[in-house]
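Undergrad:
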Amino acid sequence: MDKINDGSPKSFIQRMLSRYSKKWKVSFHAEGCIVAGAMTTLQLETEGIANTILATCATTDISSLKKCLRVQVHQEKFYAKQYTKLQKRQCSCSWLSDGTILNIDYLVVNTTTELVFAVGELMSVSDECHIFRNASHHILKVQTTTHRVVCNVQKL
5 MDKINDGSPK SFIQRMLSRY SKKWKVSFHA EGCIVAGAMT TLQLETEGIA
55 NTILATCATT DISSLKKCLR VQVHQEKFYA KQYTKLQKRQ CSCSWLSDGT
105 ILNIDYLVVN TTTELVFAVG ELMSVSDECH IFRNASHHIL KVQTTTHRVV
155 CNVQKL
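In this text, residue positions in the sequence shown follow this note's numbering: the first is 5, and each later residue adds one.
1) Among 121, 114 and 127, which one has its Cα closest to the Cα of residue 105?
2) Between 40, 37 and 58, which lies nearest to residue 47 when the distance is taken from Cα to Cα?
3) Look at residue 73 and residue 83 and say whether their C-beta atoms are less than 8 Å apart.
4) Using a Cβ-Cβ cutoff of less than 6 Å, which residues in the same chain neighbour residue 28 once the five nearest sequence positions on both sides are dropped?
5) Looking only at its chain, what residues have a beta carbon closer than 8 Å to the beta carbon of residue 6, apart from the 5 residues adjacent to it on each side?
6) Run the CB neighbour count on residue 67, radius 10 Å, all protein chains shown included, and call it buried at 16 or more, exposed below.
7) Which of the three DSSP states, helix, strand or coil, is assigned to residue 41?
8) By DSSP's criteria, residue 80 is part of a beta bridge. Which residues make up the other side?
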């Protein structure tokens, strides 16, 4: 009998992953995560967020910072809002480890320290939610804020 078709749950999962899961083209292995897709040069748009990015990434050399749109952390894939292939779905939001929600605009890779950071807007959970929060943590009414943050992707 074929090893892949032996009827075990492990072989079923391997077969499903090999059949339907498209492999990512890995462009960079960072600390604790994998960066997929092309990395482009980072062009800092506003002075406030530029200073925050440079302070958080602990660098003064802008040439060591690259912009990317996809990252995989702890076997979980995260996409930036600017990633065009998934614009039909809202897949750029993520829970942070402190319980807040981040709408990821783009990801920044520091190529010298091999750390990856997410840049985005914080979202707050609205009090007008008609569903009991503890019973349905996956359905929440959120509001965007104007507060932009830079955080390490290990906190996603």
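All residues carry an ideal CB built from backbone N, CA and C; glycine is no exception.
TA: Result, derived from the coordinates:
1) 127
2) 58
3) yes
4) 40
5) Confidence at residue 6 is low in this model, with a pLDDT of 46, below 50, so its placement is unreliable and no value can be given for it.
6) exposed
7) coil
8) 77
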